[in-house]
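Count the sequence shown with this note's numbering and you get residues 470 to 678, in order.
The structure appears below as C-alpha cells.
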Amino acid sequence: MYTLVYSINEEKSPETVYVNLTNACTNSCIFCLREQKDDVCGSNMWHDDKYTLEDIIEQFNKFVPTPKQVVFCGYGEPFLKKDMMKAFAQYLRKNHPEIRIRVNTNGHANAIYKTNVAEEFKGLIDSASISLNSSNAEQYNEICNPKIENAYEEVKKFIKACTNAGIEVTASVVTGFDKEHEIDVQKCKEIAESLGAKFRDREFITNGY
Ligand code: SF4
Numbered sequence: 470m471y472t473l474v475y476s477i478n479e480e481k482s483p484e485t486v487y488v489n490l491t492n493a494c495t496n497s498c499i500f501c502l503r504e505q506k507d508d509v510c511g512s513n514m515w516h517d518d519k520y521t522l523e524d525i526i527e528q529f530n531k532f533v534p535t536p537k538q539v540v541f542c543g544y545g546e547p548f549l550k551k552d553m554m555k556a557f558a559q560y561l562r563k564n565h566p567e568i569r570i571r572v573n574t575n576g577h578a579n580a581i582y583k584t585n586v587a588e589e590f591k592g593l594i595d596s597a598s599i600s601l602n603s604s605n606a607e608q609y610n611e612i613c614n615p616k617i618e619n620a621y622e623e624v625k626k627f628i629k630a631c632t633n634a635g636i637e638v639t640a641s642v643v644t645g646f647d648k649e650h651e652i653d654v655q656k657c658k659e660i661a662e663s664l665g666a667k668f669r670d671r672e673f674i675t676n677g678y
C-alpha cells in the first residue's frame, strides 16, 4: 500500500501528520516538488487513488500517540478528493474531536465544483493554507500554469469564502525557487489581509512538506 498518511521529520510520534489524498492537481507550478522527486522525507508519494477510507484510518492509527494535527496536503490538490476528505474529517471529528484539521490547497475548489465548497467544510476543517502565489494574475499564470479559467480571481474568491465560513485562512506565497520570478511579497500580504486572511511567505524547501 502506498503512502496515504505520513510525517515529515521521521519522528516516531509526530504532532502533525499529513494526508496524501491524490496526485492530481489543477495547477502545474514551476516549483512543484512532484516534478523533481518521488518522496517527501522518504515516503513515496505516488499512487493511483485506488484506496478506501479504511486504508487512511489504518495508516493514521499507526501513529501513536494520536497526533495533535492532521493536514490534508501531499502530492496533489486535496479538494479533488473532496468526498474522501470530508469522510476522513468527519471520522476525526467523531473519534478525535481534539485534533486540529488543516488543508493546504491551491484554492480552486469552488471553481472546480461550481458550488461553495468552503461552506460544505464549515466546522470540519479549522484552518486552510491557500496558495496565493502572486500579486497579479499574469504572474500567477506563469508560475502555476492553472488548468481552470480566471484562476487567480478564483483563488482570491476562495480565500474570502473560507474566511466567511469561519475557517482560519493563511494565504501563502513561495519565494526563493528561482531568480526570474520576483514576488511582490508586500502586495501579496496586503491582498491576503484585505480578504480577511493571515499571510505567510513560505521559503522554498527542497525536502517538501
Ligand atoms: S498546487 Fe501544489 S500540488 Fe499542485 S502543482 Fe502547485 S505545488 Fe504542485
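Glycine residues also receive a C-beta, built at the ideal position from the N, C-alpha and C atoms.
If you're wondering where the values come from, they're calculated on a predicted model, not measured in any experiment.
Handout entry: Cα-Cα separation between GLU637 and TYR560, rounded to whole angstroms
Key = Within the sequence shown, numbered from 1, the residue matching residue 637 stands at position 168. Within the sequence shown, numbered from 1, the residue matching residue 560 stands at position 91. Rounded to whole angstroms, GLU637 to TYR560 spans 21 Å at the Cα level.
Exercise for the section: Kindly provide the ranges of any beta strand (DSSP E) runs that are 3 or more residues long and lie completely inside the stretch 553-581, ordered along the chain. Expected result: 569-574
Exercise for the section: Can you check DSSP and say which residues form a bridge with THR584? Expected result: Stepping through the sequence shown from its first residue, residue 584 is reached at position 115. Looking at the DSSP assignment, THR584 forms no beta bridge with any residue, so it has no partner.
Handout entry: Cα-Cα separation, GLU567 to PHE532
Key = By one-based count along the sequence shown, residue 567 stands at place 98. By one-based count along the sequence shown, residue 532 stands at place 63. Their backbone Cα atoms lie some 16 Å apart in a straight line.
Exercise for the section: Please state if the CB of CYS542 and the CB of TYR487 are separated by a distance shorter than 7 Å. Expected result: Taking the first residue of the sequence shown as position 1, residue 487 is located at position 18. Taking the first residue of the sequence shown as position 1, residue 542 is located at position 73. Yes.
Exercise for the section: Would you check if the stretch 614-626 and the stretch 487-498 touch, i.e. whether three or more CB-CB distances between them fall below 8 Å? Expected result: yes
Exercise for the section: Using a threshold of 7 Å, state whether the C-beta atoms of PRO536 and GLU484 are closer than that. Expected result: Taking the first residue of the sequence shown as 1, we reach residue 536 at position 67. Taking the first residue of the sequence shown as 1, we reach residue 484 at position 15. Yes, the Cβ-Cβ distance between PRO536 and GLU484 is below 7 Å.
Exercise for the section: Could you check what DSSP says for ASN614 in three-state terms: helix, strand or coil? Expected result: Within the sequence shown, the letter at position 145 stands for residue 614. In this structure, ASN614 counts as coil in the three-state DSSP scheme.
Practice task
Answer yes or no: the CB of CYS542 versus the heavy atoms of the ligand SF4, is any distance below 6 Å?
Solution key: For this step, residue 542 is matched to residue 73 along the sequence shown. Answer for CYS542: no, Cβ out of range of the ligand SF4.
Problem - From GLU527, LYS551, SER600, ILE594, residue whose alpha carbon lies closest to that of CYS501 - result: Locating residue 501 in the sequence shown gives position 32, where the first residue counts as 1. The shortest Cα separation from CYS501 among GLU527, LYS551, SER600, ILE594 belongs to SER600.
Problem - Closest residue to CYS631 among ALA620, ASN605, LYS591, GLU662 (Cα-Cα distance) - result: On the sequence shown, position 162 is the one that residue 631 refers to. The candidate whose alpha carbon is nearest that of CYS631 is LYS591.
Practice task
Starting from LYS629, follow the beta strand (DSSP E) in both directions and report where the run begins and ends.
Solution key: Here residue 629 refers to the residue found at position 160 of the sequence shown. Note, LYS629: premise wrong, no beta strand (DSSP E); alpha helix (DSSP H) at 620-633.
Exercise for the section: Work out the CA separation of HIS650 and GLY511 for me, nearest whole Å. Expected result: As a position in the sequence shown, residue 511 is number 42, starting the count at 1. As a position in the sequence shown, residue 650 is number 181, starting the count at 1. So the alpha carbons of these two residues sit roughly 30 Å apart.
Handout entry: CB of ILE438 within 7 Å of CB of ASP595, strictly
Key = The requested residue 438 does not occur in the structure, where the chain is confined to residues 470 to 678.
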